[in-house]
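Student:
Chains as they are written, first to last, in the numbering used here: chain A, 23 to 142; chain B, 19 to 131.
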């Protein structure tokens, strides 16, 4: 079974500074994907970034980067130059590689989330 | 190109009533996932459907919950005889296939009074 742990219920950061949101995972699958989603107060789920378990380089998308440490089973999200609009709940999620022959059919397993507050 | 549509966005039901939540996938998507988000928690998988087929319902409660995705029309998540514990946000996500990215809808907030 897959498990995602986000140990930071809440984080605070000053505007324009960088912040790291922690995520550790547990899986016995050799091939998997890791995702980060943002959920603002309006409630929708916004996809931010994806990392495949066999990707050689850490994923980056604009101000978002994923610090992937496979041996430690961690996939921390780094947000650079924080903006007020970054204040939201952030979820880490994973899925078994759907092409690896398992029966997970691509379903996502989510962590509990971290509430990020950006101060002006 | 319209995204995933869910309606209603907010639904209030009294205990014992039925709740019907609808999800229209993105154009070209024939795979739908339903997730439930209880207050202060992350999303939890409920069911995965393709057109006219339930592929994986391992996350569905054994009673009162059902889902369908007919050949024509939206996917429906149906909750019979709702209880207060069913109050949650219900999200659907659609994709072109299970190895592709999932796109989430805005969610339906169900409140049971």
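For each residue, glycine too, the CB sits at the ideal point set by N, CA and C.
(1) Which residues, in chain order, does the region 104 to 124 of chain B contribute to contact with chain A at a C-beta distance below 9 Å?
(2) Relative to the C-alpha of residue 95 (chain B), which candidate in B:101, B:119, B:78, B:89 has its C-alpha closest?
(3) How close, in whole Å, do the beta carbons of residue 117 (chain B) and residue 135 (chain A) come, if the pair is a contact with beta carbons under 8 Å?
(4) At a CB-CB cut-off below 9 Å, which residues of chain B make contact with residue 134 (chain A)?
(5) Buried or exposed: where does residue 118 (chain A) fall if 16 or more other Cβ atoms within 10 Å of its Cβ makes it buried?
(6) Consult DSSP for residue 106 (chain A) and reduce its assignment to one of helix, strand or coil.
(7) Going straight from the alpha carbon of residue 33 (chain B) to that of residue 77 (chain A), what length do you get?
(8) Could you confirm whether any beta carbon from chain A is found closer than 9 Å to the beta carbon of residue 63 (chain B)?
(9) As a quick exercise: from A:89, A:94, A:95, pick the residue whose alpha carbon is nearest that of residue 101 (chain A).
(10) From the DSSP output, in three-state form, read off residue 103 (chain B) for me.
(11) Could you tell me the alpha carbon to alpha carbon distance between residue 115 (chain A) and residue 36 (chain B), rounded to whole angstroms?
(12) Among residues of its own chain, excluding the 5 on either side of residue 38 (chain A), which ones have a beta-carbon nearer than 6 Å to its beta-carbon?
(13) So if DSSP puts residue 108 (chain B) in a beta bridge, which residue, or which two residues, is it bridged to?
(14) Determine the closest residue to residue 45 (chain B) out of B:129, B:115, B:127, B:128, with distance taken between C-alpha atoms.
Tutor: Per the coordinate set shown:
(1) 107, 109, 111, 113, 115, 116, 117, 118, 119, 120, 121, 122, 123, 124
(2) B:78
(3) About 26 Å separates the two Cβ atoms, so there is no contact after all.
(4) 58, 59, 60
(5) buried
(6) helix
(7) 48 Å
(8) yes
(9) A:89
(10) helix
(11) 31 Å
(12) 103
(13) B:54, B:126
(14) B:115
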